[in-house]
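Here the protein sequences line up with chains X, Z and V, keeping their order. Note that this note's numbering has the first sequence beginning at 315, numbered continuously upward. Note that this note's numbering has the second sequence beginning at 315, numbered continuously upward. Note that this note's numbering has the third sequence beginning at 315, numbered continuously upward. Even for Gly, the Cβ is constructed at its ideal location relative to N, Cα and C.
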Amino acid sequence: MHLLSISSLGDSQLDQLFARAQDYALDPRSGRDRLAGRTIFNCFYENSTRTAMSFAQAAARLGAQAITLSVEHSSVKKGETLADTARTLGAMGPDALVLRHRQNGAAEEVAALVDCPVVNAGDGTREHPTQALLDALTLRQQFGSLTGRTIAIIGDIAHSRVAHSNAELLPRLGASVRLAGPPALVPADAGSHSIDEAIAGADAVMMLRVQRERLDEDLGDAPGEYLRLYGLTPERLALAAPGAVVLHPGPMNRGVEIADEVADLPGRSLILRQVANGVAMRMAVLELLIAG
Amino acid sequence: MHLLSISSLGDSQLDQLFARAQDYALDPRSGRDRLAGRTIFNCFYENSTRTAMSFAQAAARLGAQAITLSVEHSSVKKGETLADTARTLGAMGPDALVLRHRQNGAAEEVAALVDCPVVNAGDGTREHPTQALLDALTLRQQFGSLTGRTIAIIGDIAHSRVAHSNAELLPRLGASVRLAGPPALVPADAGSHSIDEAIAGADAVMMLRVQRERLDEDLGDAPGEYLRLYGLTPERLALAAPGAVVLHPGPMNRGVEIADEVADLPGRSLILRQVANGVAMRMAVLELLIAG
Amino acid sequence: MHLLSISSLGDSQLDQLFARAQDYALDPRSGRDRLAGRTIFNCFYENSTRTAMSFAQAAARLGAQAITLSVEHSSVKKGETLADTARTLGAMGPDALVLRHRQNGAAEEVAALVDCPVVNAGDGTREHPTQALLDALTLRQQFGSLTGRTIAIIGDIAHSRVAHSNAELLPRLGASVRLAGPPALVPADAGSHSIDEAIAGADAVMMLRVQRERLDEDLGDAPGEYLRLYGLTPERLALAAPGAVVLHPGPMNRGVEIADEVADLPGRSLILRQVANGVAMRMAVLELLIAG
Numbered sequence: 315m316h317l318l319s320i321s322s323l324g325d326s327q328l329d330q331l332f333a334r335a336q337d338y339a340l341d342p343r344s345g346r347d348r349l350a351g352r353t354i355f356n357c358f359y360e361n362s363t364r365t366a367m368s369f370a371q372a373a374a375r376l377g378a379q380a381i382t383l384s385v386e387h388s389s390v391k392k393g394e395t396l397a398d399t400a401r402t403l404g405a406m407g408p409d410a411l412v413l414r415h416r417q418n419g420a421a422e423e424v425a426a427l428v429d430c431p432v433v434n435a436g437d438g439t440r441e442h443p444t445q446a447l448l449d450a451l452t453l454r455q456q457f458g459s460l461t462g463r464t465i466a467i468i469g470d471i472a473h474s475r476v477a478h479s480n481a482e483l484l485p486r487l488g489a490s491v492r493l494a495g496p497p498a499l500v501p502a503d504a505g506s507h508s509i510d511e512a513i514a515g516a517d518a519v520m521m522l523r524v525q526r527e528r529l530d531e532d533l534g535d536a537p538g539e540y541l542r543l544y545g546l547t548p549e550r551l552a553l554a555a556p557g558a559v560v561l562h563p564g565p566m567n568r569g570v571e572i573a574d575e576v577a578d579l580p581g582r583s584l585i586l587r588q589v590a591n592g593v594a595m596r597m598a599v600l601e602l603l604i605a606g
Numbered sequence: 315m316h317l318l319s320i321s322s323l324g325d326s327q328l329d330q331l332f333a334r335a336q337d338y339a340l341d342p343r344s345g346r347d348r349l350a351g352r353t354i355f356n357c358f359y360e361n362s363t364r365t366a367m368s369f370a371q372a373a374a375r376l377g378a379q380a381i382t383l384s385v386e387h388s389s390v391k392k393g394e395t396l397a398d399t400a401r402t403l404g405a406m407g408p409d410a411l412v413l414r415h416r417q418n419g420a421a422e423e424v425a426a427l428v429d430c431p432v433v434n435a436g437d438g439t440r441e442h443p444t445q446a447l448l449d450a451l452t453l454r455q456q457f458g459s460l461t462g463r464t465i466a467i468i469g470d471i472a473h474s475r476v477a478h479s480n481a482e483l484l485p486r487l488g489a490s491v492r493l494a495g496p497p498a499l500v501p502a503d504a505g506s507h508s509i510d511e512a513i514a515g516a517d518a519v520m521m522l523r524v525q526r527e528r529l530d531e532d533l534g535d536a537p538g539e540y541l542r543l544y545g546l547t548p549e550r551l552a553l554a555a556p557g558a559v560v561l562h563p564g565p566m567n568r569g570v571e572i573a574d575e576v577a578d579l580p581g582r583s584l585i586l587r588q589v590a591n592g593v594a595m596r597m598a599v600l601e602l603l604i605a606g
Numbered sequence: 315m316h317l318l319s320i321s322s323l324g325d326s327q328l329d330q331l332f333a334r335a336q337d338y339a340l341d342p343r344s345g346r347d348r349l350a351g352r353t354i355f356n357c358f359y360e361n362s363t364r365t366a367m368s369f370a371q372a373a374a375r376l377g378a379q380a381i382t383l384s385v386e387h388s389s390v391k392k393g394e395t396l397a398d399t400a401r402t403l404g405a406m407g408p409d410a411l412v413l414r415h416r417q418n419g420a421a422e423e424v425a426a427l428v429d430c431p432v433v434n435a436g437d438g439t440r441e442h443p444t445q446a447l448l449d450a451l452t453l454r455q456q457f458g459s460l461t462g463r464t465i466a467i468i469g470d471i472a473h474s475r476v477a478h479s480n481a482e483l484l485p486r487l488g489a490s491v492r493l494a495g496p497p498a499l500v501p502a503d504a505g506s507h508s509i510d511e512a513i514a515g516a517d518a519v520m521m522l523r524v525q526r527e528r529l530d531e532d533l534g535d536a537p538g539e540y541l542r543l544y545g546l547t548p549e550r551l552a553l554a555a556p557g558a559v560v561l562h563p564g565p566m567n568r569g570v571e572i573a574d575e576v577a578d579l580p581g582r583s584l585i586l587r588q589v590a591n592g593v594a595m596r597m598a599v600l601e602l603l604i605a606g
């Protein structure tokens with residue numbers, strides 16, 4: 315079994331993941347030795363401290379070792395294809411392979427070539443299922459059931475695998491999702507909310523990271539302009555439902571897509587709880603895929 | 315005890331390594347906890363994803379932790395000599411030190427300065443003993459005894475530590491070795507086979523990776539020319555014995571030294587089995603050196 | 315509890331660290347499983363092979379896993395503040411966080427933001443407490459009590475966190491410390507010894523590494539001049555007490571701040587014993603902070 319996308323998970327698997335992850339969120343040490351003697355290959359072809367360390371921490375807490383592929387040293391530089399790298403890594407017999415790759419569909423391609431479970435830790439602009447799962451866990455801890463809740467996801471919708479995976483997952487859990495962002499970064503089929511309309515009355519606002527490259531190249535706004543036009547300021551958050559919570563997958567650009575006062579809002583910014591839940595959810599995912 | 319070269323291994327040690335590695339190839343989990351609590355320093359001064367990860371996986375399967383020295387961060391950049399680095403790493407008390415280094419004789423130099431076993435994971439153009447051992451294991455799985463078998467090793471013989479270690483090891487196991495390659499890349503004392511002559515009637519053909527730098531600088535052939543002149547095409551493989559098998563230490567340059575149809579030939583391309591055997595053989599090596 | 319500076323350690327904690335580290339120096343395997351199931355985040359924002367590997371080895375010997383943050387991949391490059399990185403890493407629930415950072419006070423800043431123990435593994439030009447602790451352990455093994463002993467610390471005093479932490483610690487253990495170096499690299503309040511005066515009659519001489527950048531830029535001496543003017547030559551060592559010992563935190567610039575004959579002086583150069591003691595002391599530190 316692999317975790318390649320949200321749609322590859324059945325409802326009972328979702329239930330199992332949320333239940334187990336919640337156990338681990340409450341008692342991180344309770345998974346000790348569950349995957350003793352196992353090895354996870356942690357293959358990050360794009361930089362991501364937080365996700366790579368989160369998987370390594372999840373593996374360690376289950377008693378497994380994460381072996382990190384250093385991309386700088388990798389055979390990619392020697393002209394090896396992704397398929398050959400995948401077959402090679404698979405032949406070494408890891409118990410699971412975690413893959414972050416800039417190419418859409420990379421995880422599917424790898425999964426078809428190896429004998430072990432593959433976790434998609436982000437592929438191109440498509441899917442980042444463990445991020446959506448940890449976001450949903452965080453929202454469920456806050457709201458209990460998500461039925462009838464409205465979640466606004468704001469930012470570079472077009473390029474965000476976080477948005478895509480959440481837009482798949484959250485409606486399955488009963489939530490309504492509204493997508494909005496700078497006009498150039500929202501695809502036509504995402505609906506036609508303005509950012510303010512998307513946030514109005516929402517129970518949670520999930521801000522996406524804006525890529526600095528995109529800031530410079532596509533949007534070309536003056537410093538501070540992005541925050542005023544498209545970012546989450548206290549004024550804009552005030553449009554949401556009373557007590558609405560704030561999420562961000564990190565790393566944040568403070569003063570760009572999110573104002574300091576919002577990022578640090580006590581009791582309402584769930585950003586660090588997302589990080590803690592990320593370890594718990596990845597423990598649940600690794601356990602499900604490896605130990606069943 | 316160290317593993318610095320093929321010639322440093324006695325016949326009974328060879329027997330022991332092949333027997334143990336075969337056990338681990340059949341049951342990779344059977345080594346669990348054999349090296350529990352041990353640490354292996356994995357010191358790669360040249361990039362090699364596959365060898366570094368293979369040793370890390372081997373260590374993990376024995377219950378040991380591999381601690382990877384990141385060369386980019388290393389004291390080499392601060393002007394420290396290899397000898398001082400070796401003494402320093404040795405003083406930290408690893409249970410074994412695995413070294414890949416571009417300098418001929420680096421492993422010998424390090425072994426003379428530390429108290430722990432040293433494994434030569436490739437030094438300059440000289441030796442790569444665990445690669446030859448895993449190649450031999452793969453051939454023995456295929457043929458049983460290697461007595462009377464002919465192995466053609468094709469490519470950049472002059473610069474290949476893989477070729478050198480195999481040319482030491484395989485004859486000790488009863489095989490005949492024929493070395494051939496582009497004329498500029500075969501030393502005078504390697505015999506004077508053409509590539510086609512070397513392959514004719516061979517039971518196995520081991521293709522070597524051609525360094526892209528060398529392709530550009532020394533051989534200067536047009537794209538596709540290398541494969542036609544020096545690579546393993548289906549036509550050239552047809553010169554070998556019926557059912558002859560194909561090996562490659564990886565990573566492959568597909569369409570350069572090896573054609574796709576050959577690299578992926580079912581039942582005859584043993585390239586992925588080499589990778590799997592690499593982990594098993596390195597388990598056997600680490601166990602022999604550390605636990606005796 | 316954190317280890318941020320020497321002054322943050324009480325006398326009884328010092329005693330405990332020295333006793334425990336001495337146990338581990340004598341029997342490195344005696345800590346096995348003491349921190350089983352724990353994870354240490356090893357966060358090095360400056361390159362340091364030896365310190366990072368020393369902490370990783372210490373963690374492994376206690377049964378813990380060190381998870382290394384790769385700074386090249388880190389969110390720093392994505393514009394994340396140190397505070398946000400700290401909070402994020404802390405939210406992942408490591409059992410301790412080891413930090414090397416070029417910014418003075420970085421460890422204090424991080425410690426205020428996370429729930430786990432923080433070990434300062436060097437911050438800017440300020441403190442490197444585990445280095446001073448291992449230096450003191452090494453001197454105590456040599457001399458027993460340090461009361462009445464004189465330690466000369468020679469080199470770039472102005473920029474050396476090693477000097478600063480030792481200048482805090484060694485006097486607390488009863489030693490006199492004399493600081494000296496190239497005039498441009500010694501702050502006015504460090505006393506006005508010449509190097510020869512500082513070494514005269516000293517029981518131990520601790521040479522500091524001179525940064526190559528500084529050699530080029532500030533001192534501008536001809537090759538070999540540094541050693542003659544400011545380095546530890548056999549002639550200069552002869553000014554010290556008979557049998558005086560030599561320390562260096564490494565990596566050494568041989569022929570710059572220290573002559574080969576001195577670096578390798580049998581029985582009197584304690585440089586490799588410092589390295590071994592580094593692992594033992596870091597085991598003691600991790601154990602104290604995590605297990606109490």
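{"query": "Local conformation of residue 492 of chain Z per DSSP, three classes", "result": "strand"}
{"query": "Beta-carbon spacing of residue 415 of chain X, residue 360 of chain X below 8 Å", "result": "yes"}
{"query": "Short Cβ contact (8 Å threshold) for residue 381 of chain V with residue 356 of chain V", "result": "yes"}
{"query": "Contacts of residue 408 of chain X in chain Z (Cβ-Cβ under 8 Å)", "result": "371"}
{"query": "Opening and closing residue of the beta strand (DSSP E) in which residue 412 of chain Z lies", "result": "410 to 415"}
{"query": "Meets three-Cβ-pair contact criterion under 8 Å: the region 581 to 596 of chain Z and the region 426 to 434 of chain X", "result": "no"}
{"query": "Three-state class that DSSP yields for residue 596 of chain X in the structure shown", "result": "helix"}
{"query": "Reduced DSSP category for residue 568 of chain V - H, G, I as helix; E, B as strand; rest coil", "result": "strand"}
{"query": "Residue nearest to residue 432 of chain X in terms of C-alpha spacing, selected from X:440, X:553, X:448 and X:412", "result": "X:412"}
{"query": "Beta-bridge partners of residue 460 of chain Z, as assigned by DSSP", "result": "None, per the DSSP bridge assignment."}
{"query": "C-beta contact flag for residue 497 of chain Z and residue 491 of chain Z at 8 Å", "result": "no"}
{"query": "Contact set between the region 554 to 573 of chain Z and chain X, restricted to residues whose Cβ is under 8 Å from the partner", "result": "564, 565, 566, 567 and 568"}
{"query": "Contact set for residue 369 of chain V: own chain, Cβ-Cβ below 6 Å, skip 5 residues either direction", "result": "356, 412 and 596"}
{"query": "8 Å Cβ cutoff, residue 379 of chain Z in contact with chain X", "result": "yes"}
{"query": "Three CB pairs or more closer than 8 Å across the region 434 to 452 of chain V and the region 571 to 586 of chain Z", "result": "no"}
{"query": "Boundaries (first-last residue) of the alpha helix (DSSP H) holding residue 336 of chain X", "result": "325 to 340"}
{"query": "Interface flag, residue 414 of chain V vs chain Z, CB-CB below 8 Å", "result": "no"}
{"query": "Chain-order list of residues whose beta-carbon lies under 8 Å from that of residue 460 of chain V (same chain, five-residue window excluded)", "result": "450, 453, 454, 484, 487, 488 and 489"}
{"query": "Beta-carbon proximity list for residue 585 of chain X, same chain, < 6 Å, skipping 5 on both sides", "result": "562"}
{"query": "Residue 470 of chain V and residue 493 of chain V closer than 8 Å at C-beta", "result": "no"}
{"query": "Anticipated Cβ contact below 8 Å, residue 543 of chain Z with residue 570 of chain Z, distance rounded", "result": "Not confirmed; about 11 Å, so no contact."}
{"query": "Any chain X beta carbon closer than 8 Å to residue 580 of chain Z", "result": "no"}
{"query": "Cα-Cα separation, residue 456 of chain X to residue 354 of chain V", "result": "30 Å"}
{"query": "Under 8 Å between C-beta atoms of residue 467 of chain Z and residue 406 of chain Z", "result": "no"}
{"query": "Nearest-angstrom Cα separation, counted from residue 554 of chain V out to residue 523 of chain V", "result": "20 Å"}
{"query": "9 Å Cβ cut-off: residues of chain Z touching residue 444 of chain X", "result": "The contacting residues do not exist; residue 444 of chain X stays about 22 Å from chain Z at best."}
{"query": "C-alpha distance - residue 358 of chain X paired with residue 434 of chain X, whole-angstrom precision", "result": "10 Å"}
{"query": "For residue 321 of chain Z, the nearest candidate out of Z:558, Z:480, Z:501 and Z:582 (CA to CA)", "result": "Z:480"}
{"query": "Interface residues of chain Z facing residue 401 of chain X [CB-CB closer than 9 Å]", "result": "585, 586 and 589"}
{"query": "Close beta carbons around residue 378 of chain V, own chain, < 6 Å, minus the five adjacent residues each side", "result": "349, 352 and 354"}
{"query": "Host alpha helix (DSSP H) of residue 400 of chain V (start-end)", "result": "396 to 405"}
{"query": "Extent of the continuous alpha helix (DSSP H) run through residue 367 of chain X", "result": "363 to 375"}
{"query": "Cβ separation of residue 410 of chain X and residue 600 of chain X, assumed to be a contact under 8 Å, to the nearest whole Å", "result": "6 Å"}
{"query": "Cβ-based contacts, 8 Å cut-off: residues of the region 344 to 373 of chain X near chain V", "result": "346, 347, 358, 361, 362, 363, 364, 366, 367, 368, 370 and 371"}
{"query": "Bridge-paired residues (DSSP) for residue 434 of chain V", "result": "V:413"}
{"query": "7 Å Cβ cut-off: residues of chain A touching residue 398 of chain V", "result": "Absent from the structure: chain A. Protein chains present are X, Z and V."}
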